[in-house]
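>
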Amino acid sequence: MFIEENNFDLAWGIYSFDQWIVKDKSDKRIIREENIVKVQAIQGNLDTIDKDEVHKILCICNPNQILQIEQKLKETFLDCSIVKSSDILLEIMADGISKATAVKRLCKQWDIALDDTIAFGDNYNDAKMLKMVHYGYLMDNAPEKLKEEISLHTLDNDHDGIYDALLKQNIILK
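Here UniProt numbering is used: the first residue of the sequence shown is 1, the next is one more, and so on.
What follows is the structure, given as C-alpha coordinates:
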(Lines of atoms letter the chains of each structure in order from A and count residues from 1; the text may use other names and numbers.)
(Lines give C-alpha, C1' and ligand atoms only; values in the text may rest on other atoms or scores of the structure.)
Protein backbone atom coordinates (compact mmCIF):
# COMPACT_ATOMS: atom_id res chain seq x y z
CA MET A 1 0.00 0.00 0.00
CA PHE A 2 1.30 3.46 -0.95
CA ILE A 3 1.01 4.83 2.59
CA GLU A 4 3.10 2.05 4.07
CA GLU A 5 5.61 2.03 1.21
CA ASN A 6 6.40 5.67 1.98
CA ASN A 7 6.81 5.09 5.73
CA PHE A 8 4.40 7.88 6.60
CA ASP A 9 3.87 8.37 10.33
CA LEU A 10 0.12 7.80 10.35
CA ALA A 11 -2.66 5.40 11.15
CA TRP A 12 -5.21 4.71 8.41
CA GLY A 13 -8.79 3.63 8.40
CA ILE A 14 -11.13 2.73 5.56
CA TYR A 15 -14.82 3.55 5.62
CA SER A 16 -16.99 0.98 3.87
CA PHE A 17 -20.72 1.48 4.38
CA ASP A 18 -21.22 1.34 8.16
CA GLN A 19 -17.80 -0.14 8.92
CA TRP A 20 -14.54 1.57 9.84
CA ILE A 21 -11.73 -0.87 9.08
CA VAL A 22 -8.24 -0.19 10.45
CA LYS A 23 -4.89 -1.95 10.27
CA ASP A 24 -4.18 -1.78 14.01
CA LYS A 25 -7.09 -1.33 16.40
CA SER A 26 -4.66 -0.90 19.32
CA ASP A 27 -2.95 2.17 17.76
CA LYS A 28 -3.38 5.07 20.19
CA ARG A 29 -4.47 7.35 17.33
CA ILE A 30 -7.27 4.95 16.39
CA ILE A 31 -8.38 4.67 20.03
CA ARG A 32 -8.44 8.48 20.33
CA GLU A 33 -10.56 8.78 17.18
CA GLU A 34 -12.92 6.03 18.40
CA ASN A 35 -13.51 8.04 21.56
CA ILE A 36 -14.24 11.21 19.59
CA VAL A 37 -16.58 9.77 16.97
CA LYS A 38 -18.11 7.10 19.22
CA VAL A 39 -17.64 4.39 16.59
CA GLN A 40 -15.69 1.19 17.14
CA ALA A 41 -13.08 0.35 14.53
CA ILE A 42 -12.78 -3.15 13.12
CA GLN A 43 -9.31 -4.56 12.62
CA GLY A 44 -8.82 -5.82 9.09
CA ASN A 45 -6.65 -5.69 6.02
CA LEU A 46 -6.96 -4.47 2.47
CA ASP A 47 -7.37 -7.96 1.05
CA THR A 48 -10.81 -8.32 2.65
CA ILE A 49 -12.22 -5.07 1.24
CA ASP A 50 -13.77 -4.69 -2.21
CA LYS A 51 -12.34 -1.44 -3.61
CA ASP A 52 -15.79 -0.51 -4.96
CA GLU A 53 -17.09 -0.50 -1.39
CA VAL A 54 -14.54 2.02 -0.07
CA HIS A 55 -16.14 5.40 0.56
CA LYS A 56 -13.30 7.19 2.30
CA ILE A 57 -9.82 6.63 3.66
CA LEU A 58 -9.00 8.50 6.85
CA CYS A 59 -5.35 9.15 7.69
CA ILE A 60 -4.52 10.16 11.26
CA CYS A 61 -1.17 11.87 10.80
CA ASN A 62 1.68 13.25 12.82
CA PRO A 63 0.85 17.00 12.87
CA ASN A 64 4.45 17.85 11.99
CA GLN A 65 4.21 15.79 8.79
CA ILE A 66 0.61 16.26 7.65
CA LEU A 67 1.38 18.93 5.03
CA GLN A 68 4.11 16.82 3.43
CA ILE A 69 1.88 13.73 3.48
CA GLU A 70 -1.00 15.71 1.96
CA GLN A 71 1.25 17.07 -0.81
CA LYS A 72 2.70 13.64 -1.67
CA LEU A 73 -0.78 12.08 -1.80
CA LYS A 74 -2.10 14.89 -4.03
CA GLU A 75 0.86 14.54 -6.40
CA THR A 76 0.36 10.78 -6.63
CA PHE A 77 -3.43 10.38 -6.65
CA LEU A 78 -4.67 12.99 -9.11
CA ASP A 79 -8.09 11.35 -9.37
CA CYS A 80 -8.81 11.67 -5.65
CA SER A 81 -10.12 14.41 -3.42
CA ILE A 82 -7.62 14.82 -0.58
CA VAL A 83 -8.44 17.34 2.12
CA LYS A 84 -7.41 18.17 5.68
CA SER A 85 -10.22 17.99 8.22
CA SER A 86 -8.08 18.89 11.25
CA ASP A 87 -4.45 19.43 12.14
CA ILE A 88 -3.97 15.63 12.18
CA LEU A 89 -6.68 14.26 9.84
CA LEU A 90 -6.55 13.78 6.07
CA GLU A 91 -9.58 12.46 4.19
CA ILE A 92 -9.16 10.71 0.84
CA MET A 93 -12.21 10.20 -1.38
CA ALA A 94 -13.03 9.77 -5.04
CA ASP A 95 -12.65 12.96 -7.05
CA GLY A 96 -15.78 15.09 -6.91
CA ILE A 97 -16.92 13.76 -3.55
CA SER A 98 -17.33 16.47 -0.94
CA LYS A 99 -19.81 17.91 1.51
CA ALA A 100 -20.71 20.44 -1.20
CA THR A 101 -21.73 17.73 -3.67
CA ALA A 102 -23.74 16.01 -0.93
CA VAL A 103 -25.61 19.23 -0.10
CA LYS A 104 -26.27 19.86 -3.80
CA ARG A 105 -27.62 16.35 -4.24
CA LEU A 106 -29.87 16.58 -1.18
CA CYS A 107 -31.18 19.99 -2.23
CA LYS A 108 -32.07 18.59 -5.64
CA GLN A 109 -33.68 15.49 -4.15
CA TRP A 110 -35.75 17.49 -1.66
CA ASP A 111 -36.42 20.42 -4.01
CA ILE A 112 -34.65 22.99 -1.82
CA ALA A 113 -33.12 26.07 -3.41
CA LEU A 114 -29.48 26.75 -2.53
CA ASP A 115 -30.65 30.25 -1.57
CA ASP A 116 -32.48 28.57 1.32
CA THR A 117 -29.45 26.80 2.75
CA ILE A 118 -27.17 27.36 5.70
CA ALA A 119 -24.15 25.31 6.72
CA PHE A 120 -21.48 25.32 9.38
CA GLY A 121 -17.92 24.10 9.28
CA ASP A 122 -14.56 24.43 10.93
CA ASN A 123 -11.95 23.08 8.54
CA TYR A 124 -10.80 22.64 4.95
CA ASN A 125 -13.13 19.71 4.31
CA ASP A 126 -16.02 22.16 4.80
CA ALA A 127 -14.73 24.99 2.57
CA LYS A 128 -16.45 24.05 -0.72
CA MET A 129 -19.75 23.53 1.07
CA LEU A 130 -19.52 26.85 2.92
CA LYS A 131 -18.78 28.70 -0.32
CA MET A 132 -21.69 27.00 -2.12
CA VAL A 133 -24.56 27.44 0.35
CA HIS A 134 -26.30 30.78 0.80
CA TYR A 135 -25.13 31.22 4.38
CA GLY A 136 -21.88 29.37 5.00
CA TYR A 137 -20.60 29.98 8.51
CA LEU A 138 -17.06 29.21 9.57
CA MET A 139 -16.59 28.42 13.24
CA ASP A 140 -14.09 30.57 15.13
CA ASN A 141 -11.91 27.53 15.91
CA ALA A 142 -11.15 27.14 12.17
CA PRO A 143 -7.62 27.61 10.80
CA GLU A 144 -6.68 31.28 10.32
CA LYS A 145 -5.91 30.81 6.61
CA LEU A 146 -9.42 29.47 6.03
CA LYS A 147 -10.92 32.48 7.81
CA GLU A 148 -9.52 34.62 4.98
CA GLU A 149 -11.51 32.60 2.41
CA ILE A 150 -14.90 32.42 4.15
CA SER A 151 -16.71 35.68 4.86
CA LEU A 152 -19.27 34.61 7.48
CA HIS A 153 -17.85 33.70 10.89
CA THR A 154 -19.43 32.65 14.16
CA LEU A 155 -18.30 31.65 17.63
CA ASP A 156 -16.34 28.44 18.09
CA ASN A 157 -17.70 24.95 18.73
CA ASP A 158 -17.39 25.34 22.50
CA HIS A 159 -19.28 28.64 22.65
CA ASP A 160 -22.54 27.87 20.83
CA GLY A 161 -21.39 29.11 17.44
CA ILE A 162 -24.28 27.50 15.56
CA TYR A 163 -26.81 29.01 17.96
CA ASP A 164 -25.13 32.42 17.55
CA ALA A 165 -25.33 32.25 13.74
CA LEU A 166 -28.96 31.10 13.78
CA LEU A 167 -29.78 34.09 15.98
CA LYS A 168 -27.93 36.43 13.58
CA GLN A 169 -30.00 35.09 10.68
CA ASN A 170 -33.26 35.35 12.67
CA ILE A 171 -33.83 31.65 12.13
CA ILE A 172 -34.39 31.27 15.84
CA LEU A 173 -35.41 33.88 18.36
CA LYS A 174 -33.79 34.50 21.71
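Even for Gly, the Cβ is constructed at its ideal location relative to N, Cα and C.
For clarity, every value in this text was computed on a predicted model and none was experimentally measured.
In the DSSP assignment, find the beta strand (DSSP E) that holds E33 and state where it starts and stops.
It is not in any beta strand (DSSP E) - E33 instead sits in the alpha helix (DSSP H) that spans 28-37.
> Can you give the beta carbon distance from A100 to C80, rounded, assuming they're within the 8 Å contact cut?
Contact doesn't hold; Cβ gap of about 16 Å is too wide.
> Grab the span of the beta strand (DSSP E) containing E53 for me, first residue to last.
Here E53 belongs to no beta strand (DSSP E), and DSSP marks it neither H nor E.
> Which value, in whole angstroms, describes the spacing of the CA atoms of L130 and I150?
Cα to Cα, the separation comes out at about 7 Å.
> Indicate whether residue 178 and L90 have their beta-carbon atoms separated by less than 9 Å.
For the chain, the structure presents residues 1 to 174; residue 178 sits outside this window and is missing.
> Taking all protein chains shown into account, do 16 or more other C-beta atoms lie within 10 angstroms of the C-beta of G121, making it buried, or fewer, making it exposed?
Flag for G121 reads buried.
> Which runs of the alpha helix (DSSP H) fall wholly inside the segment 102-136 and span at least 4 residues, in chain order?
The qualifying runs are 127-132.
> In terms of alpha-carbon separation, which member of I21, I60, W110, R32 lies closest to N45?
Nearest option by C-alpha distance: I21.
> Around the Cβ of G13, are there at least 16 other Cβ atoms within 10 angstroms (buried) or fewer (exposed)?
By the neighbour-count rule (16 or more Cβ atoms within 10 Å), G13 is buried.
> Taking buried to mean at least 16 other C-beta atoms within 10 Å of its own C-beta, is L106 buried or exposed?
L106 comes out exposed.
> Sorted by chain position, which residues of the same chain lie with C-beta nearer than 6 Å to I69's C-beta, five sequence neighbours on each side aside?
Excluding residues within five positions, the ones whose Cβ falls inside 6 Å are F8, C61.
> Beta-carbon separation of E33 and A41 under 9 Å?
Yes, they are a contact pair.
> For K72, which option in I3, K145, I36, I118 has the closest C-alpha, if you only look at C-alpha atoms?
Of the candidates I3, K145, I36, I118, the one whose C-alpha sits nearest the C-alpha of K72 is I3.
> Quick check on the burial criterion: 16 or more other C-beta atoms within 10 angstroms. Buried or exposed for S26?
Looking at its Cβ environment, which holds fewer than 16 other Cβ atoms inside 10 Å, S26 is exposed.
> Could you check what DSSP says for Q169 in three-state terms: helix, strand or coil?
In the structure shown, Q169 sits in coil (DSSP, three-state: anything other than H, G, I, E or B).
> With distances taken between CB atoms, is the gap from L155 to M139 smaller than 9 Å?
Yes, the pair counts as a contact, with Cβ atoms nearer than the cut-off.
> Hey, could you find the ends of the alpha helix (DSSP H) T76 is sitting in?
From DSSP, the alpha helix (DSSP H) with T76 extends over 66-76.
> Under 8 Å by Cβ, that's how I've got N125 and K74 pegged, so tell me the actual separation to the nearest angstrom.
Going by Cβ atoms, the distance from N125 to K74 rounds to 14 Å, so no, they are not a contact pair.
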